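Sequential numbering of the sequence shown, starting at 3, is according to our numbering.
Note that the Cβ used here is the ideal one computed from N, Cα and C, for glycine as well.
Keep in mind it's a predicted model, so treat the numbers as computed, not measured.
Working notes, beginning with the structure itself.
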Amino acid sequence: MAIFFLPILAMAQGSQPGLSNSQFSDYLTAYSHTENPSSFSGDGIEHFMTKLSAKKETFKSEKMFLGYVFTKTHQRFLKEFQEYATFQQTLTKGRYNCLTGTALYALILEHLDLRYQIIETNHHIFLLAETNDGKILFEATDPLNGFVSSDPEIEKRIETYKKTNLPQTGTDKMYYRFNVELFNPIDLEELQGLLHYNQAVEAYNRKDLSSSINHLEKAARLYYSPRIEEFSKILHLTVFESKLDQSSKENFLRKIQSLRNNRAQAVASASVKSY
3 MAIFFLPILA
13 MAQGSQPGLS
23 NSQFSDYLTA
33 YSHTENPSSF
43 SGDGIEHFMT
53 KLSAKKETFK
63 SEKMFLGYVF
73 TKTHQRFLKE
83 FQEYATFQQT
93 LTKGRYNCLT
103 GTALYALILE
113 HLDLRYQIIE
123 TNHHIFLLAE
133 TNDGKILFEA
143 TDPLNGFVSS
153 DPEIEKRIET
163 YKKTNLPQTG
173 TDKMYYRFNV
183 ELFNPIDLEE
193 LQGLLHYNQA
203 VEAYNRKDLS
213 SSINHLEKAA
223 RLYYSPRIEE
233 FSKILHLTVF
243 ESKLDQSSKE
253 NFLRKIQSLR
263 NNRAQAVASA
273 SVKSY
């Protein structure tokens with residue numbers, strides 16, 4: 003049976019001043035290009051952001067404004083859940099998953115200079131906003147009940163996200179279970195790495211090893227998470243046991259080993275203390 007990796011169904015921390023218009027545009031382009039480095043127009047989302055910014059001061063509380071942001075973003079961009087949707091598809095076609103939806107919310111809240119975190123778990127990612135009225139959890143895949151402001155309900159949701167249960171499947175699919183438990187705050191650049199990771203998973207599941215390795219290399223440069231280390235081992239084994247011609251096999255194996263070596267060198271370098 004083929005091994006199918008789950009995409010991240012997606013917390014990052016907004017600690018810097020809000021994104022400028024040019025920075026916001028740069029992130030939109032970078033996130034969209036994780037699918038395909040073609041021309042991209044962010045006019046729709048930028049016009050949407052202008053309207054949100056104008057509305058911000060009309061609300062009596064951050065909590066009320068965040069509720070407005072959550073609902074309006076879903077209505078405008080998050081229309082159809084699709085397991086392997088890309089960020090570009092989210093902006094242009096309304097197809098989204100947890101990762102792309104959370105990425106969009108993170109950029110919006112960062113641009114609006116609102117406090118938030120992004121949390122990565124094994125098979126999920128979500129956003130937790132900080133307001134003067136308390137925490138708000140954004141669950142991108144739940145348009146009706148995904149804006150959670152009750153502390154007990156937030157804790158309940160988080161406990162659910164920490165669990166690593168995989169979906170029930172038929173006999174034609176076997177999902178891979180990670181050997182690590184993830185619950186990590188990540189930033190916007192690391193989020194871009196996870197968008198590449200999802201593309202690597204999607205390519206692997208359709209047996210496009212070249213594209214999978216290329217996306218994993220890009221993901222590793224932005225964010226070498228434990229999931230990338232585990233996935234690289236599976237890729238290495240898959241290539242090694244494949245029926246590819248010897249030249250292609252050796253080339254792919256070198257690339258996979260190189261990204262793992264770069265990680266080892268970075269870890270070793272970081273462990274050296276200076277006095």
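### Message
Going by DSSP, what residue range makes up the beta strand (DSSP E) through G136?
### Response
Its beta strand (DSSP E) spans residues 136-140.
From K65 to I258, what distance separates their C-alpha atoms? K65 and I258: Cα-Cα distance of roughly 45 Å.
### Message
Give me the residue from S152, E132, P154, E85 with the minimum Cα distance to H125.
### Response
It is E85 whose Cα lies nearest to the Cα of H125.
Item to complete: Taking Q119 as part of the beta strand (DSSP E), name the residues at either end of that continuous run.
Response: 117-123 is the extent of the beta strand (DSSP E) around Q119.
*Give the single residue among L239, E141, N216 whose Cα lies nearest to the Cα of Q201.*
Residue N216 holds the alpha-carbon nearest to the alpha-carbon of Q201 among L239, E141, N216.
- Residues near F83 by beta carbon distance below 7 Å, same chain, minus five either side: By the criterion of a C-beta distance shorter than 7 Å, F83 is surrounded in its chain by Y98, N99, T143, once the five residues flanking it on both sides are discounted.
Next on the checklist: Less than 6 Å between C-beta atoms, sequence neighbours within five positions excluded: which residues of the same chain meet that for N264?
Outcome noted: Same-chain partners within the cutoff: there are none.
In angstroms, rounded to a whole number, what distance separates the CA positions of K251 and G136?
-> The straight-line gap separating the alpha-carbon atoms of K251 and G136 is approximately 53 Å.
Practice prompt. Count the other CB atoms, across all protein chains shown, that sit within 10 Å of the CB of H49; report buried if there are 16 or more and exposed otherwise.
Written response: If you draw a 10 Å sphere on the C-beta of H49, you find fewer than 16 other C-beta atoms in it, and that means exposed.
Practice prompt. Confirm, please, whether the CB-CB distance from F42 to L109 is below 8 Å.
Written response: Not a contact, by the Cβ cut-off of 8 Å.
Give the DSSP bridge partners of L130, in chain order. DSSP lists Q119, L139 as partners of L130.
(message) Output needed for N147: all residues of its chain with C-beta closer than 8 Å, excluding positions within five of it in sequence on either side, in chain order.
(response) Excluding five sequence positions before and after N147, the CB atoms of its chain that fall closer than 8 Å to its own CB belong to E141, given in chain order.
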